[in-house]
Every structure is written in C-alpha cells, then in structure tokens.
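Mapping of the sequence shown onto my numbering: position 245 corresponds to residue 256, and the numbering continues sequentially without gaps. All C-beta atoms, glycine included, are put in the ideal place defined by N, C-alpha and C. Just so it is clear, the structure is predicted and the values come from calculations on it, not from any experiment.
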Amino acid sequence: MSRRTEKPFWDPDALRAQLNTAVLGKRLIVFNRITSTNDFLKRLARRGAETGTLVLADQQTAGRGRLGRLWQSPPEAGLWFSFVLRPHLRLEQIGALPLAIAVIVAETLSAFCHTEFAVKWPNDILWNQCKVCGILCETQISPALLSGESSNQLEYVVAGVGINVNQQPSDFPAELRARAISLAMITGQLLPRQDVFLELLHRLETGLFTNLTETLPTLLLRWRALCPDLGKPVVLQQAQEMIRGVFVNIGSGGELVLRLADGQRKMFSAGEVAIAK
Ligand code: BTN
12 MSRRTEKPFW DPDALRAQLN TAVLGKRLIV FNRITSTNDF LKRLARRGAE
62 TGTLVLADQQ TAGRGRLGRL WQSPPEAGLW FSFVLRPHLR LEQIGALPLA
112 IAVIVAETLS AFCHTEFAVK WPNDILWNQC KVCGILCETQ ISPALLSGES
162 SNQLEYVVAG VGINVNQQPS DFPAELRARA ISLAMITGQL LPRQDVFLEL
212 LHRLETGLFT NLTETLPTLL LRWRALCPDL GKPVVLQQAQ EMIRGVFVNI
262 GSGGELVLRL ADGQRKMFSA GEVAIAK
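Structure, rendered in structure tokens:
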C-alpha cells in the first residue's frame, strides 16, 4: 500500500476553496510541522482568536494527549487539528464538550469506513478496542474576581482532535501497537485525509456551532448509544485511587456516573475507565 494518494502536505488554498462551513475554519492556519496545534492555538485564543479559528498540521513534534501523555503525530498519516470554541454554556456543561466532539467524529468515521466505532469515556474513539482518535479539550476560565462578573466566566475552549488515518502497524511505536490503529488498517485502504477533514468540519459545525444548548443533550444521547461500556462493571483509575462501580450513565456535564457497591450513585469528572475483570 503506497502512502502517496495525495499531496504530502496540506494545500491551504485547496482546503479553503472546498470548506463548506461558515464559522469553523473561517480562519484556517495550516502548518507542515508544528510542536502542538493545541499549544499554538491556546496562544492565539489568549489574544482573542475568534470562535471557529482552526489550526491544522501535517506533523506535530510535541503532540500532547490527556494526562500529560505524548501523542504520536507523524507526517502524511493523520489528522491533527485544533479549534477554538467560545460557547454560551454553563460552566458545569463544559465537560460534555469532549464527548460531543467524540460522537461527531465517531459518526463521521463510520460514514467513511462503513463500520461502527465505539466511544470510550471521556474522549476516545475505539475500533475493536484499539484507539483510532483522541480528543484533548483545554479550557480557560476567568475567575469572577478578575473578570468583574458575579460568577466565573468561560473564556475559551481549545479542542484538539487527533485521528490516525493512514499509518501502517510499523508506524506506531512498539508499545502502542496492540492498542492503536488507523483507518487504513481498519479498511485495508488509504483514505483521502482531505475528504475526511472537510466532512468532519461540516458535521462539527452543525453539531457545535449552531445552537449548542439545544444540540448538546442530543449529542450526549448519541454518545450513550455508541458506548459499549455503559451498564458494565468498571474500574475508574484516578491519581491515587481505584474506584469500582457499574457505569450507569453520563451526566449532563459529561460526568461518569457510577453505582458503587453500597448502591450509592456518584459522579466523576476525571480518570481512566477500564472494564472490571
Ligand atoms: C488523548 O487521547 O489523550 C488526546 C489526544 C489529542 C491529540 C490531538 S492532535 C491535535 C491536538 N494537538 C495536540 O497536541 N493534541 C491534540
């Protein structure tokens, strides 16, 4: 399978000419290589970059994942991009954004690959239990005292999406090979990254940039439908603790709702979930 199905690097003008979105990507910044699209975009967001501003890179040299992990982002292989959101949501709802993005990405990938993808709390997309996409949402909140408001205010969210598109198994470091997968490995053929990207942007705009207060509950319903772990006994790994319970629901702010051994329901906003053995 030759990698060369398209130009090695992104062509910003060709992308702009084909974008069918009004807000998302209206300001589009494209790099051949960058450290991390999230890091770059956070600097722009701090200086006021508008909602929908998007940064796309062919390669990241210091791509970041959740919990301080590295995110492998080789050239000519994936979709590595970040965008700014300035949604009118209550602060308690912000945690639902990664789930909302995950479900939109999972549905888009299904449309391209003709197979079902699963979501994993809080923000992974899996196929056959291997990770194909990760999402990193970073939020800036200004405290009431500084903003002069009566309550804390959301300044911006930078949402980063990493999708393994055309890697071969040997492109993944040995320690990831059993847990990571690309769309090409799933379908047996290389995918046109540009087509996936354009369709994804269109769907992300419809889901997130129109009326998020209204679309969010529906997106969470769709997320539940794609989550095979719901209803199962799980272990939640937090920094110092392992919590066992049945994964009974997700909250309106994207929280994991567990039913603990004593029957009590408890909500969690962080951690790593695994099916209990
Ligand atoms: C995770 O699964 O831990 C999240 C991975 C997020 C990776 C994307 S790639 C584009 C953006 N820039 C980064 O540095 N990270 C995100």
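{"Check": "Neighbourhood of V176 by C-beta distance below 7 Å, restricted to the same chain and skipping five residues each side", "Outcome": "A88, G89, L90, S193, L194, A195, L202, R204 and V207"}
{"Check": "Rounded separation between R101 and A155 - CA only", "Outcome": "14 Å"}
{"Check": "Heavy atom of the ligand BTN within 7 Å of Q71 beta-carbon", "Outcome": "yes"}
{"Check": "6 Å Cβ shell around S13 - same chain, five flanking residues per side excluded", "Outcome": "Interpretation of S13 is limited by its pLDDT of 49, a score under 50 that renders its predicted location unreliable; no figure is taken from the coordinates."}
{"Check": "For F123, the first and last residue of its enclosing alpha helix (DSSP H)", "Outcome": "L108 to C124"}
{"Check": "Contact test: R77 Cβ vs the ligand BTN heavy atom, cutoff 7 Å", "Outcome": "yes"}
{"Check": "Residue range of the beta strand (DSSP E) that includes D312", "Outcome": "Given that the chain is displayed from residue 12 to residue 288, the structure contains no residue 312 and the question cannot be resolved."}
{"Check": "Three-state secondary structure assigned by DSSP to S13", "Outcome": "Per-residue confidence for S13 stands at a pLDDT of 49, beneath the threshold of 50, marking its modelled position as unreliable; the derived number appears in the next sentence. Coil at S13, not helix or strand."}
{"Check": "Start and end residues, beta strand (DSSP E) containing W91", "Outcome": "G89 to L96"}
{"Check": "Counted within 10 angstroms of its Cβ, other Cβ atoms place P23 as buried (16 or more) or exposed", "Outcome": "exposed"}
{"Check": "Buried versus exposed, by CB contacts within 10 Å (16 or more), V284", "Outcome": "buried"}
{"Check": "Spatial neighbours of G282 in its chain, beta-carbon cut-off 7 Å, leaving aside the 5 residues before and after", "Outcome": "L247, Q248 and Q249"}
{"Check": "R44 - containing beta strand (DSSP E), residue span", "Outcome": "L39 to I45"}
{"Check": "Proximity to L96 [Cα-Cα], best of G242, L55 and Q83", "Outcome": "L55"}
{"Check": "Environment of D273 [buried if 16+ CB atoms lie within 10 Å]", "Outcome": "exposed"}
{"Check": "Contact belief for L67 with R38 at Cβ below 8 Å, rounded distance in angstroms", "Outcome": "Actually they do not touch by this definition, with Cβ atoms about 12 Å apart."}
{"Check": "Chain-order list of residues whose beta-carbon lies under 6 Å from that of E166 (same chain, five-residue window excluded)", "Outcome": "Q151 and S153"}
{"Check": "Beta-carbon spacing of V168, C144 below 8 Å", "Outcome": "no"}
{"Check": "Burial state of I40 (16 or more Cβ within 10 Å)", "Outcome": "buried"}
{"Check": "Endpoints, beta strand (DSSP E) assigned at E166", "Outcome": "Q164 to N175"}
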